[in-house]
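Protein chains in written order, with our numbering: chain A, 671 to 829; chain B, 10 to 450; chain C, 2 to 159.
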């Protein structure tokens, strides 16, 4: 399918869940509603769209805006050789989104990393706990509200 | 803190801890194994021991200033990380890079890739007992690093590939040193093929071990040599060509079974293909006038005399890195936009040069890309190395995220070692090429 | 007791000579400096010609702890445990800018120098240090080991 018609097909199929689509410097972007994320992802992974690979999953903290966290997913279709970026906005008071660990196996660790760094919770994740930081670390380092140089030593350090 | 495996383990099994201080090479990685005799029933991996806060640091540094941090991600192939970051920025800024700089970038990239695969296989072989292979491959790596050092000044983490081009042109004797590196590396590869390809011990330890199916590999988001060892053809250099890869002739080796031995074979073949690319790029880059000119003396001899610094001698070398003089600048750095440092001759002698130098480095000025976000990926030593940068119009990135290929590779290890023996963990883990800097960022 | 002092200094010299030329090191490798450590240990720039070639992959069997690369806060207790597992006499080399002072990582995750966790004998700066610098650092450590004095208070009568 051509790029434009592919996006057209996707929008037609998931009209309720997709808020808008855009193109940013040659990358195709879809803005999806939080409630519809799992349905959209499952639909895109299956035929006929065949986005078989979850390339990346991350989060951006827009401290100043009302929807503070924005989840960004990059999925890739090997058969079409095409990438797609999907964005979901989450509010500050309830940063929870559906987990896609059941669809792609690497989402397990990627979501753990986002939970560790940003504090976003994933519903349905089999094992949500910290992955890069250690037990006893308070806070979520990549949030804009966490000071960059605040160290939390695990053992008493000499000066 | 009780790890998950401690809670889940049966009371009659043994829990063994491997790491985080591994016998050198792999850095910091912890695997907790639940064993029944030698058989692994379950395992749990703990990472994060080399988490150095790369992404948070990048939010507090300017776009130019954070370049050395990218070197230290996949530290066995630093130039490829540089290239990924720089090309992402160039996509965001919309600048074009001169042809010669692009060719030099590809040359450095491929030298890095060979060095990455050499290190990975050397470590893997050493841990399986083939110490000679480790020594031979390290020797080959030295020749490659000689080329990189002569051009950029540093053997490893170079910060050589800059936004808009490269830091300096190749030095005058680069063709000989590249030729030497190719000859030595090919000799070493031939020796290693002879030592390992049909070696019964190596085959017993790697063939049929750590096997993964195509569907699982895709589900785990594997890319790079590990994915190609299962038989799936996906190479960013072929699928989304960047730099001058679309003009170069090279094959992408594929494996069959997706086991450790196939990963070894794919990496060995990829090294040969990278050497082929290096030869083609070396033929593409035209010769230029020598950087050091002295009457009646050969450039190499002039450089040697200039370094000796005898009193009263008439040869004075430029204090800049060889190949970064002003007359080379338009070949190696873009003039499209002020995204790179002006030449030193201008900075020290003209007012405009001084001002543009200051504006480049001053807080709040410098490289200020338009607002927006961008994702770009290159083929790293482990697979698709992607950068996702969100810019808010200021001189610092709002968010910089690295798509680390070995994060996805390593997340599959728990599945790969289940049901196998303890001794199988070593070649499986070794063939993944886990690099702590990239994994933990 | 000049005779006694003569014997002890000769003994110390011999002990220092023996210790410095038979260093068994434990490479606590974490990051990029590990690549330069591998180069320093291999054929091109050989550590073995200084007697320090044999890597003991266990802290209990080694007397030199080479902390190579960044130590994060998550790893600091592990480093301390490894150091405490080594037997006296033991020495520590901080290899690389990150081990010396935190290097370019001054943030929430990295320990700003391993001398905040364990005592260090020789600091080798560099990011990463060239193998020749590593060898220079090793030679300095060997000088230090040669000059180390034993505690003879138990032998000398007041």
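Glycine included, each C-beta is placed from N, C-alpha and C at the ideal position. Since this is a predicted model, take the numbers as computed values, not measurements.
- Message: Can you tell me whether residue 125(C) is buried or exposed? The criterion is at least 16 other CB atoms within 10 Å of its CB, across all chains shown.
- Response: buried
- Item | Min CB distance residue 776(A) to chain B below 8 Å | yes
- Thinking C-alpha only, which one of 353(B), 344(B), 267(B), 347(B) is nearest residue 333(B)? 353(B)
- Query: For residue 729(A), which residues does DSSP report across the bridge?
  - Reply: 741(A)
- Item | Span separating the alpha-carbon of residue 233(B) from that of residue 280(B) | 13 Å
- Given that a residue counts as buried once 16 or more other Cβ atoms are within 10 Å of its Cβ, and exposed if not, what is residue 361(B)? exposed
- Query: On the three-state DSSP scale, how would you describe residue 27(B)?
  - Reply: strand
- Could you tell me how far apart the beta carbons of residue 52(C) and residue 12(C) are, in whole angstroms, since I believe they sit closer than 8 Å? Actually they do not touch by this definition, with Cβ atoms about 20 Å apart.
- Task: Give, in chain order, every residue of the region 72-83 of chain C whose Cβ lies closer than 7 Å to some Cβ of chain A.
- Result: 74, 75, 77, 78, 81
- Message: I'd like to know if residue 414(B) contacts chain C, where contact means its C-beta is closer than 8 Å to some C-beta of that chain.
- Response: no
- Identify which residue in 318(B), 440(B), 397(B), 393(B) has its Cα closest to the Cα of residue 757(A). 397(B)
- Any idea what DSSP makes of residue 33(B), helix, strand or coil? Its pLDDT being 46, under 50, residue 33(B) is placed unreliably by the model, and the measurement read from it follows with that caveat. Residue state, collapsed to three classes: coil.
- Query: Is DSSP giving residue 111(B) helix, strand or coil here?
  - Reply: helix
- Query: Using Cβ-Cβ distances below 9 Å, what residues of the region 411-435 of chain B are close to chain C?
  - Reply: none
- With a Cβ-Cβ cutoff of 8 Å, do residue 100(B) and residue 383(B) count as a contact? yes
- Message: The beta strand (DSSP E) that contains residue 385(B), what's its start and end?
- Response: 381-388
- Message: Would residue 779(A) pass as an interface residue toward chain C - the criterion being a Cβ-Cβ separation below 8 Å?
- Response: no
- Same chain only: Cβ atoms within 7 Å of residue 801(A), ignoring 5 sequence neighbours per side: 779, 782, 783, 786
- Return helix, strand or coil for residue 403(B), following the three-state DSSP convention. coil
- Message: Any beta carbon from chain A within less than 8 Å of residue 86(C)'s own beta carbon?
- Response: no
- Anything in chain B within Cβ reach of residue 751(A), meaning under 7 Å, just list it in chain order. 248
- For chain C, is any of its Cβ atoms less than 8 Å away from the one on residue 824(A)? yes
- Task: Identify the contact partners of residue 399(B) in chain A, using a Cβ-Cβ distance below 8 Å as the criterion.
- Result: 730
- Item | Under the three-state DSSP convention, the category residue 69(C) falls into | strand
- Message: My parser needs the beta strand (DSSP E) runs of 3 or more residues fully inside the region 35-121 of chain B; what are they?
- Response: 39-45, 48-55
- Return yes when at least one heavy atom of the ligand FAD lies under 7 Å from the C-beta of residue 700(A), else no. Ligands displayed in this structure: none; no statement on the ligand FAD is therefore possible.
- Query: Does residue 813(A) have its Cβ less than 8 Å from a Cβ in chain C?
  - Reply: no
- What three-state label does DSSP hand residue 822(A) in the structure shown? coil
- For residue 335(B) and chain A, any beta-carbon pair shorter than 8 Å? no
- For residue 728(A) and residue 671(A), the rounded distance between their alpha carbons: With a pLDDT of 49 at residue 671(A), under the threshold of 50, the predicted position of this residue should be treated as unreliable, though the coordinate-derived value follows. Their Cα atoms are separated by approximately 28 Å.
- For the region 85-99 of chain B against the region 388-395 of chain B, are there 3 or more C-beta pairs whose distance is under 8 Å? yes
- Message: My assumption, with CB atoms under 8 Å, is that residue 168(B) sits in contact with residue 76(B). Please give the rounded CB distance.
- Response: 5 Å
- Message: If I measure Cβ to Cβ from residue 435(B) and keep anything under 7 Å in the same chain, skipping five residues before and after, which residues do I get?
- Response: 136, 137
- Query: With burial defined as no fewer than 16 other Cβ atoms inside 10 Å of the residue's Cβ, what is the status of residue 45(B): buried or exposed?
  - Reply: exposed
- Message: Counting C-beta neighbours from all protein chains within 10 Å, is the total for residue 210(B) 16 or more, i.e. buried, or is it exposed?
- Response: exposed
- Query: Counting along the chain, where does the beta strand (DSSP E) carrying residue 270(B) start and finish?
  - Reply: Premise fails: residue 270(B) lies in the alpha helix (DSSP H), 269-293, not in any beta strand (DSSP E).
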